[in-house]
């Protein structure tokens, strides 16, 4: 049993932390305030090779394991949740289908430039009336002699306004629900594909969430990623990884907020001493420390299980559920430690407070995740040993 | 062009520091970083290599933790690194440090030695100068510009209100000041390479140096800094308040 990062992993974490605190963190506030896609920053991180981290070195990646990717997610979130949402989309969901199922031409055209930060990729499965219930999507893909015709609307699509290519979930057979879903690679500018409204939101600003509209959008047959009807399975293959990554984001955000709270508790004086010396503030610090540590253990344990080939869906669900809820708890307590300053624009506490909510939905809501956990529990007679 | 960079691992600038109960030691939160000024030195070495060819080697002295600063050098692009491993050097003085480093450098072939102008932990700014003395090499300190051509270097040294342009024959030792360059952020592939690289370690015995090589100074005790006096508010009309500030700065604090 060994609970520590290896020396190499610690070094990696230190380097990534240092790089992102220099490159990204100084812009966290302006990304949040302007709610604009930070294009220059996006390119800069691409040039440093960050978006290819999960992919093999022969296509410009570094073949990193899940622990390293989780470290990256955590450090990205420590710097800026808005930017972290963009960067992790690029590293994982936005590019993974073309990596797994794209042909050589598609990889050359989309994946390789995306890894370098020269093209932006995103994924679209959520719809106005359908989120957790993926089997209920209404976007249709109808086969014809030129490929497929896509019709439908997608909502809450990260980077939808700037993405150069989108992996879109559509059903070829609505009656089959999950068994009818396929993923299609659609390039920006394809006739029939347009962006609709932007959803102004209070969290993860900078990563615009958009409506995408497909109006008889003709795509070639090669746009289908993998096979018809297997989309849900393909998504499931990376779902645990997505959940561990978001658990990493929650962890990073919680740590940033905690440090802000800790510093404030040290500096702010009331009744002649720093407020951190009062028991009720100490209680908050202790609670936060324990929850962050618990989130850290669950998150990295799940990543470790993934790397060792023994991850279950429940482990990833527990990590995502606990870590993101811990983040929401921590940002609330940090806001309280700040008193009225927790609401002041000049302090980051209000940004952390808003940003934490972003983590509750993507990758499965806490409610869905608890359902997964409970279903697993019901299959057992006792606690598992691991 | 072969360049050697002297690299020190220092406590992270944000690490908490307190004086131990004995008053003779410091308790430093175990968070470490490469010395800020050494990063400028490394960056300059890498730029010189990119321009003129050759190699960059980073040398560090300290306990096993110091290997991380050397890994950072590899991640940034240094060709090789070596750690002179001896835990006791966290507490030894600049003379001793410079002596050991100079012994190691005698075994190396180089045109240029670069180092930070000072380490941000003890701020003594003495080791590179003493290394230069031990090796009988010229030293140009606190540089903000460095050009190399025809076996000579032209460096700009930052002085109070003026830059001094200095020409020096090579080999020579230079210490880097803030403003010399903007240190690069390592490529992720560089970080991966640095994670895996085996950094060789040598001991004082390997260098033929005895443990008590020649420490000349010793720390008696640490004292806490003086408490900063309370903030003084100056009231009144702006013109009158300004006159009062000038009076305090000139007559009371003698700052101007």
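Residue numbers (this note's numbering), protein chains in the order written: chain A, 7 to 392; chain B, 53 to 308.
Beta carbons: idealized from backbone N, C-alpha and C, even for Gly.
- In the three-state DSSP reduction, residue 307 of chain A falls in the helix class (H, G or I).
- For residue 90 of chain A, the closest of A/98, A/79, A/333 and A/240 by C-alpha to C-alpha distance is A/79.
- Annotated as proximal: residue 313 of chain A and residue 72 of chain A, with beta-carbon spacing under 9 Å.
- Under DSSP, residue 133 of chain A shares a beta bridge with A/136.
- Residue 28 of chain A has a beta carbon lying within less than 9 Å of a beta carbon in chain B.
- Within a 10 Å sphere around the beta-carbon of residue 272 of chain A sit fewer than 16 other beta-carbons, which makes this residue exposed.
- Note that the segment 251-258 of chain A touches the segment 318-334 of chain A; at least 3 beta-carbon pairs, one per stretch, sit closer than 8 Å.
- Below 8 Å, too few C-beta pairs join the segment 132-144 of chain B and the segment 185-200 of chain B to call them touching: fewer than three.
- Proximity of chain B to residue 96 of chain A at the Cβ level (cut-off 8 Å) is not reached, the minimal Cβ distance being about 13 Å.
- Residue 308 of chain B and residue 62 of chain B have their C-alpha atoms some 34 Å from each other.
- Taking the C-beta atoms as reference points, residue 96 of chain B is found nearer than 9 Å to residue 232 of chain B.
- Taking the C-beta atoms as reference points, residue 56 of chain B is found no nearer than 9 Å to residue 118 of chain B.
- If you check the CB distance, residue 126 of chain A and residue 85 of chain A do not come in under 9 Å.
- In this structure, the alpha-carbon of residue 227 of chain B lies about 16 Å from that of residue 173 of chain B.
- Residue pairing by DSSP places residue 347 of chain A opposite no residue, since no beta bridge is assigned to it.
- Assignment of residue 383 of chain A by DSSP, reduced to helix, strand and coil, places it in the helix class.
- In this structure, DSSP gives residue 199 of chain A an extended state, which the three-state scheme calls strand.
- Nearest CB-CB separation between residue 263 of chain A and chain B: not below the 9 Å threshold.
- Cβ contact annotation for residue 86 of chain B (same chain, cutoff 7 Å, sequence separation greater than five): 59, 61, 121 and 124, in chain order.
- For residue 14 of chain A, the closest Cβ of chain B is nearer than 9 Å.
- DSSP, read as helix, strand or coil, puts residue 53 of chain B in coil.
- Residues of the segment 50-67 of chain A with a C-beta less than 7 Å from any C-beta of chain B: 54, 55, 56 and 59, listed in chain order.
- When beta bridges are read from the DSSP output, residue 79 of chain B appears opposite B/70.
- Closest by C-alpha distance to residue 237 of chain B, out of A/26, A/277 and A/357, is A/26.
- Closest option to residue 344 of chain A, judged by alpha-carbon separation, among A/138, A/381, A/180 and A/269: A/269.
- In the three-state DSSP reduction, residue 221 of chain A falls in the strand class (E or B).
- Residue 243 of chain B: member of the alpha helix (DSSP H) spanning 240-248, first to last residue.
- Considering only beta carbons, no part of the segment 261-273 of chain B lies closer than 7 Å to chain A.
- Using a Cβ-Cβ distance cut-off of 8 Å, the segment 140-159 of chain A and the segment 106-120 of chain A are not in contact, since fewer than three pairs of beta carbons, one from each stretch, lie closer than that value.
- For the segment 214-227 of chain A, there are no residues whose beta carbon sits under 9 Å from a beta carbon of chain B.
- Of the other Cβ atoms in all chains shown, 16 or more fall within 10 Å of the Cβ of residue 223 of chain B; this residue is therefore buried.
- Take the alpha-carbon of residue 100 of chain A and the one of residue 172 of chain A: they are about 7 Å apart.
- DSSP places residue 17 of chain A in the helix class (H, G or I) of the three-state scheme.
- Ranked by how close their Cα comes to the Cα of residue 124 of chain A, the residues A/235, A/206 and A/45 have A/45 in first place.
- Where residue 290 of chain B is concerned, the enclosing alpha helix (DSSP H) starts and stops at 290-299.
- When only Cα atoms are considered, residue 245 of chain A and residue 210 of chain A end up about 21 Å apart.
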